[in-house]
Amino acid sequence: MTKGIFTLANDVVYDQLVALLNSIEVNVGKDISVCIIPYDNRLEKVKAEISTRNNVYLLDNAEMIERWEQFASDIWHNNSSAKKRWESQGITGIYRLGMHRRFCGFDEQSPFDQFVYFDGDVLVLKPLDDIFGKLDNYDFVVYDFQYKDLSHVYNTTAQELPHIFPKERTDKEIFCAGFFGSKKGLFPLDKKRWIMEQLTSGEGEILYPNAPDQTILNYMVMRSGLSFYNFALNLPTEEKTGNSVTSPHFEQRNYLLYDNGKPLTYLHYIGVPSSAFTRLCAGENLDLPYRDIFLYYRYLHEPEKMPRFMRKPTSYNPPPSFTERILKKLNLR
Numbered sequence: 000m001t002k003g004i005f006t007l008a009n010d011v012v013y014d015q016l017v018a019l020l021n022s023i024e025v026n027v028g029k030d031i032s033v034c035i036i037p038y039d040n041r042l043e044k045v046k047a048e049i050s051t052r053n054n055v056y057l058l059d060n061a062e063m064i065e066r067w068e069q070f071a072s073d074i075w076h077n078n079s080s081a082k083k084r085w086e087s088q089g090i091t092g093i094y095r096l097g098m099h100r101r102f103c104g105f106d107e108q109s110p111f112d113q114f115v116y117f118d119g120d121v122l123v124l125k126p127l128d129d130i131f132g133k134l135d136n137y138d139f140v141v142y143d144f145q146y147k148d149l150s151h152v153y154n155t156t157a158q159e160l161p162h163i164f165p166k167e168r169t170d171k172e173i174f175c176a177g178f179f180g181s182k183k184g185l186f187p188l189d190k191k192r193w194i195m196e197q198l199t200s201g202e203g204e205i206l207y208p209n210a211p212d213q214t215i216l217n218y219m220v221m222r223s224g225l226s227f228y229n230f231a232l233n234l235p236t237e238e239k240t241g242n243s244v245t246s247p248h249f250e251q252r253n254y255l256l257y258d259n260g261k262p263l264t265y266l267h268y269i270g271v272p273s274s275a276f277t278r279l280c281a282g283e284n285l286d287l288p289y290r291d292i293f294l295y296y297r298y299l300h301e302p303e304k305m306p307r308f309m310r311k312p313t314s315y316n317p318p319p320s321f322t323e324r325i326l327k328k329l330n331l332r
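In terms of numbering that gives the first Met the number 0, the sequence shown opens at residue 0 and continues consecutively.
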């Protein structure tokens with residue numbers, strides 16, 4: 000039984016990738032294999048970084064990547080409403096096509112029998128034994144609170160949604176695609192063909208095109224009836240922790256985070272753009288949430304390069320100025 004970690008990255012998220020890899024090294028171990036799925040071909044810095052790490056490698060199976068990218072492309076090419084929505088937003092082609100490459104973990108040629116997937120904007124803060132342990136009894140394991148917000152998973156205005164997935168299911172089975180544990184081989188060719196048939200026969204209207212990979216993954220898991228476990232729904236209340244930087248109350252001790260005294264499994268910098276991390280690491284004094292812990296893991300092996308700040312930081316996403324608000328109101332910006 001091979002076990003490992005997948006992530007998805009390119010040079011655009013280089014600083015976040017380094018922080019993620021270092022957090023895995025410290026809090027999971029140096030021996031666990033980490034496979035980086037390339038988001039695209041911008042990989043010069045990524046390749047240089049992983050050349051120094053014995054347990055980290057790049058997924059270089061072009062046929063595997065092509066299989067899953069084509070699968071996603073076929074789904075969206077048959078979804079006229081999604082294409083119209085993207086066009087109205089000035090998006091050409093399939094929105095965030097590279098994000099669908101995370102599906103490679105399910106391939107029958109995947110390097111891991113069991114795996115945990117993390118987005119690149121994550122810090123791993125504790126061992127993953129409990130996640131892998133649940134995979135002995137479940138096909139799909141998550142730890143998040145996405146079930147509180149259906150609107151970022153499915154098209155909530157789709158008339159067919161409650162008929163395909165009744166409310167009692169969407170209340171408990173939806174998840175954020177930024178972290179999950181699962182297994183190889185869950186979606187062989189015949190299963191993918193069946194999923195495609197359902198989507199092209201009318202069920203595709205329930206997909207949410209502004210989170211294209213997340214909505215497809217939720218649909219695949221739910222429509223296939225995979226056994227599913229969410230720690231956030233099953234742990235006792237006093238044992239649960241959050242995981243998002245949108246929660247300001249986490250306590251930091253020894254570069255780990257705690258929620259009411261319980262250690263976080265991971266911290267997801269969801270909503271913080273990759274450009275903010277790039278600017279921060281370039282020396283711009285930006286006020287990112289949980290900035291110190293990110294900088295610690297980013298510069299774990301080169302602390303002398305960590306930027307030092309003396310003055311009060313500025314917001315990485317400041318509100319628009321009065322002039323900008325006026326221009327926007329006049330449709331001049």
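The beta carbon of each residue, even a glycine, is placed where N, CA and C say it ideally should be. Please read these numbers as outputs of a predicted model, since none were measured by experiment.
Within its own chain, the residues whose Cβ lies closer than 6 Å to the Cβ of leucine 206, once the five positions on either side in sequence are excluded, are Thr214, listed in chain order.
In the three-state DSSP reduction, phenylalanine 102 falls in the helix class (H, G or I). Take the alpha-carbon of isoleucine 23 and the one of valine 123: they are about 6 Å apart.
When secondary structure is reduced to three states using DSSP, lysine 2 falls in the strand class. For the stretch 271-302, there is no continuous beta strand (DSSP E) assignment of 3+ residues that stays within its boundaries.
Going by C-alpha positions, asparagine 209 is about 30 Å away from leucine 127.
Valine 33 is positioned such that its CB atom lies no closer than 8 Å to that of isoleucine 64. For alanine 8 against glycine 119, the beta-carbon gap comes to about 5 Å, under 8 Å, which counts as contact.
For glutamate 196, the enclosing alpha helix (DSSP H) starts and ends at 188-199. For glycine 132, the uninterrupted alpha helix (DSSP H) run begins and ends at 128-133, by DSSP.
Shown here for asparagine 154: same chain residues with a beta carbon closer than 6 Å to its own, the five before and five after excluded, namely Ile205, Tyr207 in chain order.
The C-alpha of tyrosine 228 lies about 42 Å from the C-alpha of arginine 307.
Under the three-state reduction of DSSP, arginine 168 is assigned to helix. Tyrosine 13 has its alpha-carbon roughly 9 Å from the corresponding atom of phenylalanine 276. Taking a contact to require three or more Cβ pairs closer than 8 Å, the stretch 148-168 and the stretch 182-190 do not qualify as touching. In the assembly as shown, tryptophan 85 is a buried residue. Its beta-carbon has 16 or more other beta-carbons within 10 Å.
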